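*Asks:* Just so you know, the protein sequences line up as chains H and L, in that order. Every letter in the first sequence is one number past the one before it in our numbering, and letter 16, counting from 1, is 467. Every letter in the second sequence is one number past the one before it in our numbering, and letter 302, counting from 1, is 753. A virtual CB, placed ideally from N, CA and C, is assigned to each residue, including glycine. Please read all numbers here as calculations on a predicted model, not as lab measurements.
Protein chains: 2
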Amino acid sequence: MVVRTPQQFKEMQDIDVKTEHQVTKIDSKGKRIEVVDLARSENQWVSYDKLMIATGARSRRLNLPGSDAKNIFTLKDLQDGLRIRNYIDEKRPESAAVLGGGFIALEMCEAFRLRNIETHIFCRRNLPAGNLEREISEKILNELKENGVDFLTEHEPAGFKTNSNGEVTIFETDKASYQVDMVLMAVGVVPNVEMAKEAGIELGKTGAIKTDFTQMTNLVDTYAAGDCCEVFNLVSQDWVHTPLGDIANKQGRVAGENAAGGKAVFHGVVGSAAFKVFELEVAITGLGTQVAQQYGFDVNSQIIEAESKVGYMPGSKRMLMKLIFDRRSGRLLGAQMVGKEGVARRINTLAVAIHQKMGVDEIAKLDFAYAPPFSAPFDPILIAAEQAVKKLRQ
Amino acid sequence: MVVRTPQQFKEMQDIDVKTEHQVTKIDSKGKRIEVVDLARSENQWVSYDKLMIATGARSRRLNLPGSDAKNIFTLKDLQDGLRIRNYIDEKRPESAAVLGGGFIALEMCEAFRLRNIETHIFCRRNLPAGNLEREISEKILNELKENGVDFLTEHEPAGFKTNSNGEVTIFETDKASYQVDMVLMAVGVVPNVEMAKEAGIELGKTGAIKTDFTQMTNLVDTYAAGDCCEVFNLVSQDWVHTPLGDIANKQGRVAGENAAGGKAVFHGVVGSAAFKVFELEVAITGLGTQVAQQYGFDVNSQIIEAESKVGYMPGSKRMLMKLIFDRRSGRLLGAQMVGKEGVARRINTLAVAIHQKMGVDEIAKLDFAYAPPFSAPFDPILIAAEQAVKKLRQ
């Protein structure tokens with residue numbers, strides 16, 4: 452309990468927080484849960500009126516020879532982070548292998564390089580952040596290279612060779628062997644749904660818990676929120692698994708309000724996210740080209756490069772922006788941006804546009820705040836939208 | 452011609468640019484203009500098919516005893532800026548009086564202080580940027596004081612005493628006299644409409660040229676664009692005079708397209724603007740409380756302070772945000788923000804919301820990109836909107 456202690460919960464809100472108590476079973480008919488007091492090794496059944504499942508997700512681990520070595524890490528919570536930092540402080544590893552190409556993998560490449568660790572990132576796809584648009588991923592690849600990260604593509608992990616101390620010394624792929632002093636597996640997360648499933652709680656096609664817009668599951672008086680459950684994507688109009696902290700936070704508040712007798716609704720998300728890798732800001736909202744096509748949209752796109760502020764202002768940087776829109780209606784379906792300045796906070800402007808189902812023609816007419824330290828008279832968003840409008844007219 | 456030379460205009464677009472040619476009269480019936488070739492002192496009449504009036508605005512000058520002294524400056528264009536810089540370089544003034552409290556006055560306070568000039572700003576209102584919300588202006592006042600600017604309020608300018616060299620040495624108000632080495636008058640602008648008015652072009656109640664949404668004036672084949680004309684405010688649904696560079700730019704493109712036979716429309720603005728004063732970013736969109744009330748809205752507002760990013764991230768700063776909304780419907784009417792980081796680029800998100808007539812309840816539900824270097828899980832916009840929703844329910 453980092454942000455707030457159990458004592459604070461008690462004093463501020465009269466909430467009993469039981470730490471070191473593991474719930475092992477849900478008896479939905481009896482409306483009770485089985486709880487193990489880990490300190491005393493005692494079991495007991497606790498009854499409930501309303502049940503909230505917030506079991507989160509866990510890091511996915513590749514099951515390979517040697518993958519239980521003690522210097523193979525995953526990163527999901529604060530404890531994971533502390534374990535990694537302590538290992539680096541104690542063992543002073545000189546090299547690391549990062550498996551995966553998502554934003555956890557990328558952020559950790561930066562962290563390793565800041566500690567002067569030789570970093571090899573192994574990616575199944577041929578570009579990092581491979582679920583983003585190709586042009587965005589290419590900029591990320593470039594940033595990795597400029598910061599001395601060795602990007603290795605299309606390697607299939609085969610296993611780990613360990614020393615007598617139980618530590619990985621060699622990482623083997625289907626193509627070659629690499630001597631490394633530590634490994635980070637950053638190959639995604641798996642929702643913690645086993646106990647819920649056993650209790651008869653329905654899962655969605657993503658494998659996460661299915662809820663309705665009030666965060667209620669199929670079981671009476673039983674709610675779910677956070678990384679263990681699905682969320683509705685307002686653009687694709689489909690339930691997806693998007694385990695992100697801000698979504699979990701919002702779902703939790705809705706579930707809590709409803710469990711307490713309220714009538715809150717969580718309408719869903721458009722898919723906004725941002726991360727930083729070295730000096731590069733990356734931000735996305737809505738659907739990417741491929742996903743939009745999978746959902747049956749007839750997709751067109753427009754990519755531009757522009758200055759983040761008026762070119763003569765100190766600190767102005769080139770940024771790349773891609774708009775993904777419906778070929779006929781011009782409705783904006785998604786946007787992705789990358790650059791070293793003024794990127795992440797621009798994306799929310801287009802998140803609103805996507806929420807509102809705006810067309811690129813309407814976006815091109817928006818009145819934005821212009822001042823040279825922050826933007827050119829035509830903001831990159833307006834430039835991109837105007838170019839997109841020209842494609843619509845063709 | 453700074454951004455592009457007459458030669459470039461000719462080569463790139465076959466446009467003849469006549470520098471040092473002053474238009475002195477419009478003969479709308481004869482469809483011709485009187486032009487003076489300033490170099491040769493020759494007059495001629497030039498006929499036109501379509502006429503575009505882009506005469507801009509000029510700085511307002513207070514007509515006071517001594518106000519023609521050569522060290523009293525205004526700031527509208529590049530030449531004005533060069534004149535001020537040259538004067539400072541040559542004369543090394545130790546003190547300056549700035550008359551006015553708008554964003555030109557404030558930006559110039561920063562410029563003067565950077566040159567170590569003792570700066571006194573004289574403001575009729577009791578706060579700088581007095582047309583903004585009081586809470587925002589108070590932050591600006593604080594920033595001025597922290598940067599050594601002497602803010603003097605409720606002084607009525609009386610006149611200037613000059614030396615034998617024709618330079619101001621004393622600035623007198625109704626309350627006191629101040630020894631100064633230079634003066635900047637930054638008391639607003641006046642649209643250059645005299646010639647247009649004489650030719651029978653209709654002016655709006657603001658005194659600027661009245662146009663329709665195609666930028667056409669009341670005279671046939673005659674368009675106007677930029678600081679000389681009005682613009683439609685989409686929130687107040689009224690024609691206003693908002694002389695800002697990005698608006699001028701957009702109006703010019705619409706007027707040009709229509710003069711060339713196209714069918715472009717400029718729908719109007721919501722009133723977005725931003726400026727920087729020392730380390731402070733200030734950004735606004737929509738209507739302020741007073742103006743909204745004048746237009747008959749039943750106004751409520753919500754003010755919050757929040758961190759610009761997650762508090763533990765380096766560089767996170769407190770920011771202040773005020774939402775102005777309709778008391779009954781909750782529709783967002785305006786937003787103003789101030790802070791040292793992450794302010795200006797947040798305002799456009801709310802500019803879109805205002806364009807779309809969104810309510811604070813809808814804004815509170817938006818899915819924004821969350822990443823600690825850029826924002827807390829709940830962006831300040833979401834926090835402010837949620838607080839506003841609570842007021843609606845009362």
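Given a threshold of 16 other Cβ atoms within 10 Å of its Cβ, counted over all protein chains shown, does Lys773 (chain L) qualify as buried or as exposed?
*Replies:* Answer is buried; the Cβ neighbour count reaches 16.
*Asks:* Answer with buried or exposed for Lys590 (chain H), where buried requires no fewer than 16 other C-beta atoms within 10 angstroms of its C-beta.
*Replies:* Classification of Lys590 (chain H): buried, given that the 10 Å Cβ count is 16 or more.
*Asks:* So which residues of chain H does Asn669 (chain L) contact, with C-beta pairs closer than 8 Å?
*Replies:* Simply none; closest approach about 25 Å.
*Asks:* Considering Cα atoms alone, identify which of H:Gly651, H:Ala795 and H:Arg779 is closest to Leu843 (chain H).
*Replies:* Nearest option by C-alpha distance: H:Arg779.
*Asks:* Return yes when the Cβ of Ala637 (chain H) is within less than 8 Å of the Cβ of Gly507 (chain H), no when it is not.
*Replies:* Contact: no.
*Asks:* Shorter than 8 Å from the beta carbon of Gln702 (chain H) to some beta carbon of chain L?
*Replies:* Judged by the 8 Å Cβ criterion, Gln702 (chain H) is not in contact with chain L.
*Asks:* Does Thr570 (chain H) pass the burial test, meaning 16 or more other C-beta atoms within 10 Å, or should it be called exposed?
*Replies:* Buried, since its Cβ has 16 or more Cβ neighbours within 10 Å.
*Asks:* Identify the continuous alpha helix (DSSP H) that holds Pro853 (chain H) and give its terminal residues.
*Replies:* Past the boundaries of the shown model lies residue 853 (chain H); chain H is included only from 452 to 845, so the question cannot be answered.
*Asks:* For the segment 469-544 of chain L, which segments carrying the beta strand (DSSP E) assignment without a break, of at least 3 residues, lie completely within its bounds, in sequence order?
*Replies:* Listed in chain order, the complete beta strand (DSSP E) runs (minimum 3 residues) inside the segment 469-544 of chain L are 472-478, 483-488, 493-498, 502-504 and 508-510.
*Asks:* Distance, Cα to Cα, Lys656 (chain L) vs Phe524 (chain L)?
*Replies:* For Lys656 (chain L) and Phe524 (chain L), the distance between alpha carbons rounds to 29 Å.
*Asks:* Cα separation between Ile568 (chain L) and Phe825 (chain H)?
*Replies:* For Ile568 (chain L) and Phe825 (chain H), the distance between alpha carbons rounds to 26 Å.
*Asks:* Are the segment 682-691 of chain L and the segment 510-526 of chain L in contact at 8 Å, needing three or more beta carbon pairs?
*Replies:* With the cut-off at 8 Å, the segment 682-691 of chain L and the segment 510-526 of chain L do not touch.
*Asks:* Take Ile572 (chain L) as the anchor and find which of L:Asp540, L:Pro608 and L:Tyr538 has the nearest alpha-carbon.
*Replies:* For the residues L:Asp540, L:Pro608 and L:Tyr538, the minimum Cα distance to Ile572 (chain L) belongs to L:Pro608.
*Asks:* 8 Å is my cut-off, CB to CB: does Ala715 (chain L) come that close to chain H?
*Replies:* Judged by the 8 Å Cβ criterion, Ala715 (chain L) is not in contact with chain H.
*Asks:* With DSSP collapsed to three states, give me the class of Val728 (chain L).
*Replies:* Val728 (chain L) falls in the strand class under three-state DSSP.
*Asks:* Check whether the segment 814-829 of chain L and the segment 755-762 of chain L are in contact - that is, three or more C-beta pairs closer than 8 Å.
*Replies:* A contact exists between the segment 814-829 of chain L and the segment 755-762 of chain L.
*Asks:* Looking at Ile911 (chain L): is its Cβ nearer than 8 Å to the Cβ of Ile735 (chain L)?
*Replies:* An answer regarding residue 911 (chain L) cannot be provided, because it is not within the stretch 452 to 845 covered by chain L.
*Asks:* Considering Cα atoms alone, identify which of H:Asp663, H:Cys574 and H:Thr620 is closest to Gly639 (chain H).
*Replies:* With distances taken between Cα atoms, Gly639 (chain H) lies closest to H:Cys574.
*Asks:* Can you say whether Asp465 (chain L) is buried or exposed, counting buried as having 16 or more other CB atoms within 10 angstroms of its CB?
*Replies:* Exposed.
*Asks:* Is the number of C-beta pairs between the segment 807-822 of chain H and the segment 468-476 of chain L that are closer than 8 Å three or more?
*Replies:* No contact exists between the segment 807-822 of chain H and the segment 468-476 of chain L.
*Asks:* Relative to the C-alpha of Met788 (chain H), which candidate in H:Arg782, H:Lys841, H:Lys816 and H:Ser723 has its C-alpha closest?
*Replies:* The option with the nearest alpha carbon to Met788 (chain H) is H:Ser723.
*Asks:* Please report the straight-line C-alpha distance between Leu565 (chain H) and Val728 (chain H), rounded to a whole angstrom.
*Replies:* The alpha-carbon atoms of Leu565 (chain H) and Val728 (chain H) are separated by roughly 12 Å.
*Asks:* Kindly indicate which three-state DSSP category Asn684 (chain H) falls into: helix, strand or coil?
*Replies:* In this structure, Asn684 (chain H) counts as strand in the three-state DSSP scheme.
*Asks:* For the putative contact between Lys501 (chain L) and Ala822 (chain L), defined by C-beta atoms under 8 Å, what is the C-beta separation to the nearest angstrom?
*Replies:* Not really, about 50 Å apart at Cβ, beyond 8 Å.
*Asks:* Are the beta-carbon atoms of Gly712 (chain L) and Ala743 (chain L) separated by less than 8 Å?
*Replies:* Result no, Cβ atoms of Gly712 (chain L) and Ala743 (chain L) do not sit closer than 8 Å.
*Asks:* With a threshold of 16 other CB atoms inside 10 Å of the CB of Pro905 (chain L), please say whether the residue is buried or exposed.
*Replies:* As displayed, chain L neither begins before 452 nor continues past 845, which places residue 905 (chain L) out of reach and without an answer.
*Asks:* Given a cut-off of 8 Å on the beta-carbon distance, is the pair Val468 (chain H) and Arg483 (chain H) in contact?
*Replies:* Not closer than 8 Å, so no.
*Asks:* Distance check for Val716 (chain L) and Gly703 (chain L), CA to CA, integer angstroms please.
*Replies:* Going from the Cα of Gly703 (chain L) to the Cα of Val716 (chain L) covers about 11 Å.
*Asks:* Along the chain, where does the alpha helix (DSSP H) that runs through His924 (chain L) open and close?
*Replies:* Limits of chain L in this structure are 452 at one end and 845 at the other, which puts residue 924 (chain L) out of reach.
*Asks:* Which two residues bound the contiguous alpha helix (DSSP H) that contains Asp697 (chain H)?
*Replies:* Element bounds for Asp697 (chain H): Gly696 to Ala710.
*Asks:* Report, in whole angstroms, the separation of the C-beta atoms of Thr673 (chain L) and Ile834 (chain L), which I expect to be a contact under 8 Å.
*Replies:* At roughly 49 Å, the Cβ-Cβ gap does not stay under 8 Å, so Thr673 (chain L) and Ile834 (chain L) are not in contact.
*Asks:* Could you check what DSSP says for Ala675 (chain L) in three-state terms: helix, strand or coil?
*Replies:* Reduced to three states, the DSSP call for Ala675 (chain L) is strand.
*Asks:* Please report the straight-line C-alpha distance between Glu605 (chain L) and Arg576 (chain L), rounded to a whole angstrom.
*Replies:* Their Cα atoms are separated by approximately 6 Å.
*Asks:* Any idea which residues DSSP pairs Asn751 (chain H) with across the strands?
*Replies:* Its beta-bridge partners are H:Phe776.
*Asks:* From Gly617 (chain L) to Glu584 (chain L), what distance separates their C-alpha atoms?
*Replies:* Going by the C-alpha atoms only, they are around 40 Å apart.
*Asks:* Taking Cβ positions only, does Gly696 (chain H) come closer than 8 Å to chain L?
*Replies:* Gly696 (chain H) counts as touching chain L.
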